[in-house]
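Enquirer: As given, the protein sequences belong to chains A and S, one line each in that order. Per this note's numbering, residue 350 is the first one in the first sequence, and the count goes up by one each step. Per this note's numbering, residue 350 is the first one in the second sequence, and the count goes up by one each step. Ideal placement from N, C-alpha and C gives every residue a C-beta, glycine not left out. The structure displayed is predicted, hence computed values, not measured ones. Got a structure for you, questions after.
Protein chains: 2
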Amino acid sequence: MKKRIITISREFGSGGRTIGKQVAAQLGIPCYDKELIEQLADETGLAKKYIEEQGEYAPSKHPFTYAFVGRSMNGMSIGDYLWNEQRRKILELAERESCVIVGRCADYILRERDDVLNVFVHAPKADRAKRIVELYGETDTEPFKRLQDKDKKRAVNYRYYTEQEWGCARNYHLTLDSSAFGIEGCVEMIIRAAE
Amino acid sequence: MKKRIITISREFGSGGRTIGKQVAAQLGIPCYDKELIEQLADETGLAKKYIEEQGEYAPSKHPFTYAFVGRSMNGMSIGDYLWNEQRRKILELAERESCVIVGRCADYILRERDDVLNVFVHAPKADRAKRIVELYGETDTEPFKRLQDKDKKRAVNYRYYTEQEWGCARNYHLTLDSSAFGIEGCVEMIIRAAE
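Below you can see the structure in the form of C-alpha cells.
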C-alpha cells in the first residue's frame with residue numbers, strides 16, 4: 350500500500366531532520382518540524398522556544414521545573430496540555446494532507462492509520478558528535494554529553510507518552526543508520542519504502 | 350562502501366530466514382543458516398538438534414538444564430563452548446567469502462569489520478502467528494505463546510553474549526517490518542542497501 354504520511358523519529362545529530370526535509374521536497378509534500386511548532390505557538394499562545402523544548406523532551410522531575418510545568422491549563426499541566434495540542438494538530442494534518450512529520454511521537458499518535466510509514470534514523474555516536482559541532486557549533490558542554498542529554502530526554506518523553514521504547518525496531522516500519530547509507534541514500538530508501 | 354557480508358537477525362515468524370535465502374540467491378552467494386549448523390555438527394561432534402536449539406537460545410536458568418548444559422568441555426560449559434565454536438566459524442566464513450548469515454549474533458560477532466550489513470526483520474505478532482501456523486503447523490501451544498517463547502529466548506541469548514539489546518535499532522544498519530513491505534520488498538531493499 351502506498352503511504353501518504355511519513356513520520357521520522359531520529360537520534361540527535363543523525364541527520365533525520367535533513368532527511369525528512371529532502372524526502373518531503375522530492376515528493377513535493379510539506380515537512381512539519383519547525384512549522385508544527387510555529388502553528389502550535391499561534392494556536393496555543395505558548396512560546397515557540399517552550400514548545401520546541403517541552404514538546405519532545407521529558408516532563409522533568411526537578412521540583413523547580415514542576416513549579417512552572419505543573420501550572421494548570423484546562424485542568425492539565427502545561428506539559429500534558431501541549432501534548433494534547435500537538436496530538437490534535439498531528440491527527441488533523443494527517444487527515445488533511447500527505448506530509449512528512451519529524452519527531453513529536455507522530456508514529457505513535459498516528460498508529461491507528463494504515464497509510465503511515467514510520468521511520469527511525471540513527472547513527473554511531475562519533476559521527477553524530479561531529480555533525481552537531483559542524484551544524485550547531487561548539488558549546489561549553491562537550492558533544493558526547495550533549496548527545497546523551499538530548500537522546501535521554503527524547504527517550505523519556507517517548508516512554509512517558511507512548512509506553513513504548515524509543516529506538517526499538519518494532520515501533521517502526523524502517524530504521525536506518527544514516528552513517529552507513531548517507532543522507533541521500535536514506536532519502537532514496539525512504540521514498541522507495543513509501544511507494 | 351559495498352557490503353560483502355549480510356547478517357540477518359529476525360523475530361520468529363517474520364520471514365527473516367526466507368528473506369535471507371532470497372537475498373543470497375539473487376546475489377549468487379551462499380546463505381548460512383541450517384548449513385552453519387551442519388558444519389558445526391561435523392566439526393564439534395555435537396548433535397544438530399542441540400546446536401539448533403542452544404546456539405541461539407538462552408542459557409536456561411532452570412537447575413535441571415544446568416545439570417546438562419553445565420557439563421565441562423575444555424573447561425567451558427557446553428553452551429559457552431558452542432558459542433565459541435559458532436563465533437570461530439562465523440569469523441572464518443566472513444574472512445573467506447561473501448555470504449548471508451541468518452541469526453546466531455553474527456552482527457555482534459562481526460562488529461569490527463566494515464564490510465558487513467546488519468539487518469533485523471520483524472513483523473506484527475498477528476502476522477507472525479499466522480505465518481508460523483502456515484509454515485510449521487499447529488502445535489499444542491497456541492501461536493502467540495510460541496512466538497513469545499522463541500523471541501524471549503533469542504533476546505536473552507543475545508543479551509547474554511553481546512550485552513546489547515536484541516531488536517534495538519542502533520545495533521543494525523537497517524531494520525524492516527516484513528508485513529509492511531512483503532518478503533520481496535524486503536529482499537529488494539536489503540540488496541539495494543548492500544550496494
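1. Starting from ILE458 of chain S, follow the alpha helix (DSSP H) in both directions and report where the run begins and ends.
2. Locate the alpha helix (DSSP H) running through PHE493 of chain S, then write down its first and last residues.
3. Can you confirm whether TYR457 of chain S, when its beta carbon is compared against all beta carbons of chain A, has any partner nearer than 9 angstroms?
4. Find the nearest neighbour of ILE355 of chain S within the set S:ASP464, S:LEU496, S:LEU389, S:GLU392, judged by alpha-carbon distance.
5. Beta strand (DSSP E) containing ASN467 of chain A: first to last residue?
6. Short of 8 angstroms in beta carbon distance, which residues of its chain neighbour ILE378 of chain A, apart from the five on each side in sequence? Order them along the chain.
7. Taking the continuous beta strand (DSSP E) assigned at ASP476 of chain S, which residues delimit it?
8. Give the DSSP-derived three-state secondary structure of LEU376 of chain S in the structure shown.
9. Answer yes or no: does any C-beta atom of chain S fall closer than 9 angstroms to that of LEU523 of chain A?
10. Of the residues S:ARG477, S:LEU389, S:TYR457, S:GLY365, which one's Cα is nearest the Cα of GLN435 of chain S?
11. In terms of residues, what are the limits of the alpha helix (DSSP H) holding SER363 of chain S?
12. Along the beta strand (DSSP E) that carries LEU523 of chain S, what are the first and last residues, could you check?
13. Looking at the structure shown, is THR488 of chain S part of a helix, part of a strand, or coil, going by DSSP?
14. Please tell me whether GLU533 of chain A and GLN371 of chain A are closer than 9 angstroms, where the distance is taken between their beta carbons.
15. Mind listing the chain A neighbours of PHE469 of chain S? Cutoff is C-beta to C-beta under 7 angstroms, in chain order.
16. Would you say ALA542 of chain S reaches chain A, if we count a Cβ-Cβ gap shorter than 9 angstroms as a contact?
17. Check the Cβ of PHE530 of chain S against every Cβ in chain A and list those closer than 9 angstroms, keeping chain order.
18. Could you list which residues in chain S have their beta carbon closer than 9 angstroms to that of ASP526 of chain A, in chain order?
19. What are the start and end residues of the beta strand (DSSP E) that includes CYS448 of chain S?
20. I want to know whether the stretch 488-499 of chain A touches the stretch 354-368 of chain S - three or more CB-CB distances under 8 angstroms.
21. Could you check if THR524 of chain A is buried or exposed, using at least 16 other CB atoms within 10 Å of its CB as the buried criterion?
22. Shortest alpha-carbon distance to LYS383 of chain S belongs to which of S:GLU514, S:ALA475, S:LYS398, S:ALA504?
23. Going by DSSP, what residue range makes up the alpha helix (DSSP H) through GLY545 of chain A?
24. Using a Cβ cut-off of 9 angstroms (strictly closer), state whether GLU405 of chain A contacts chain S.
25. Going along chain A, which residues have a C-beta under 9 angstroms from MET538 of chain S?
26. Nearest by alpha-carbon distance to ASN467 of chain A: which of S:ILE386, S:ALA529, S:ARG437, S:PHE469 is it?
27. So that I know if they touch, is there some Cβ in chain S lying closer than 9 angstroms to that of GLU330 of chain A?
28. Looking at the unbroken alpha helix (DSSP H) that takes in ASP382 of chain S, where does it start and where does it end?
29. Who are the near neighbours of ILE386 of chain A in its chain, counting only those whose CB is closer than 6 angstroms to its CB and skipping five residues on each side?
30. Mind checking PHE381 of chain A: buried by the 16 CB within 10 Å criterion, or exposed?
Expert: Quick answer:
1. The residue labelled residue 458 of chain S in the question sits at position 109 within the second sequence. Taken as a continuous stretch (DSSP letters only), the alpha helix (DSSP H) holding ILE458 of chain S covers 455-458.
2. Translated into positions along the second sequence, residue 493 of chain S becomes position 144. It spans 492-511 - the alpha helix (DSSP H) in which PHE493 of chain S sits, taken as one unbroken run.
3. The count along the second sequence starts at 1 and reaches residue 457 of chain S at position 108. Not closer than 9 angstroms to any Cβ of chain A, the Cβ of TYR457 of chain S fails to qualify, so no.
4. Counted from its first residue, the second sequence places residue 355 of chain S at position 6. Answer by Cα proximity: S:ASP464.
5. Counting from 1 along the first sequence, the entry for residue 467 of chain A is found at position 118. Its beta strand (DSSP E) spans residues 465-471.
6. As a working mapping, residue 378 of chain A is identified with position 29 in the first sequence. These residues qualify, in order along the chain: GLU446, SER447, CYS448, VAL449.
7. On the second sequence, residue 476 of chain S is found 127 positions in, with the first residue counted as 1. First-last for ASP476 of chain S: 474-485, but that is the alpha helix (DSSP H), not the beta strand (DSSP E).
8. Mapped onto the second sequence, residue 376 of chain S falls at position 27. Helix, per DSSP.
9. The residue you call residue 523 of chain A lines up with position 174 of the first sequence. Judged by the 9 angstroms Cβ criterion, LEU523 of chain A is in contact with chain S.
10. Within the second sequence, numbered from 1, the residue matching residue 435 of chain S stands at position 86. Of the candidates S:ARG477, S:LEU389, S:TYR457, S:GLY365, the one whose C-alpha sits nearest the C-alpha of GLN435 of chain S is S:LEU389.
11. Mapped onto the second sequence, residue 363 of chain S falls at position 14. Taken as a continuous stretch (DSSP letters only), SER363 of chain S belongs to no alpha helix (DSSP H), as it is neither H nor E.
12. Counting from 1 along the second sequence, the entry for residue 523 of chain S is found at position 174. Segment 523-526, the beta strand (DSSP E) holding LEU523 of chain S.
13. Residue 488 of chain S sits at position 139 when you count from the first residue of the second sequence. In the structure shown, THR488 of chain S sits in coil (DSSP, three-state: anything other than H, G, I, E or B).
14. The residue you call residue 533 of chain A lines up with position 184 of the first sequence. The residue you call residue 371 of chain A lines up with position 22 of the first sequence. Yes; because the gap between Cβ atoms is below 9 angstroms, this pair is in contact.
15. For this step, residue 469 of chain S is matched to residue 120 along the second sequence. Ordered by position in chain A, the residues that pass the 7 angstroms Cβ test against PHE469 of chain S are ALA518.
16. Along the second sequence, read from residue 1 onward, the residue named residue 542 of chain S stands at position 193. By this cut-off, ALA542 of chain S is an interface position.
17. Translated into the one-based positions of the second sequence, residue 530 of chain S becomes position 181. Neighbours of PHE530 of chain S on chain A, chain order: HIS522, LEU523, ALA542.
18. On the first sequence, residue 526 of chain A is found 177 positions in, with the first residue counted as 1. Correct list: ASN467, ALA518, ARG519, TYR521, HIS522, LEU523.
19. Along the second sequence, one-based indexing puts residue 448 of chain S at 99. From DSSP, the beta strand (DSSP E) with CYS448 of chain S extends over 448-451.
20. no
21. Your numbering for residue 524 of chain A matches position 175 in the first sequence. Buried, by the Cβ-count rule.
22. In the second sequence, the residue the question calls residue 383 of chain S occupies position 34. Ranking the options by Cα distance to LYS383 of chain S, first place goes to S:LYS398.
23. Chain A is shown only over 350 to 544; residue 545 of chain A falls outside these bounds and no answer can be derived.
24. Walking along the first sequence from the start, residue 405 of chain A turns up at place 56. No - not a single Cβ of chain S is within 9 angstroms of the one on GLU405 of chain A.
25. By one-based count along the second sequence, residue 538 of chain S stands at place 189. In chain order: LEU523, MET538, ARG541, ALA542.
26. Residue numbering aside, residue 467 of chain A sits at position 118 when the first sequence is read from its first letter. The residue from S:ILE386, S:ALA529, S:ARG437, S:PHE469 with its alpha-carbon nearest to that of ASN467 of chain A is S:ALA529.
27. Residue 330 of chain A is absent from the model: chain A starts at 350 and stops at 544.
28. As a working mapping, residue 382 of chain S is identified with position 33 in the second sequence. ASP382 of chain S -> no alpha helix (DSSP H), and no H or E assigned at all.
29. In the first sequence, counting from the first residue as 1, residue 386 of chain A sits at position 37. Taken in chain order, the residues that qualify are LYS397, ILE400, GLU401.
30. For the purposes of this step, residue 381 of chain A is taken as residue 32 along the first sequence, with counting starting at 1. Correcting the residue identity first, residue 381 of chain A is Tyr in this sequence and not Phe. Buried, because 16 or more other Cβ atoms sit within 10 Å of the Cβ of TYR381 of chain A.
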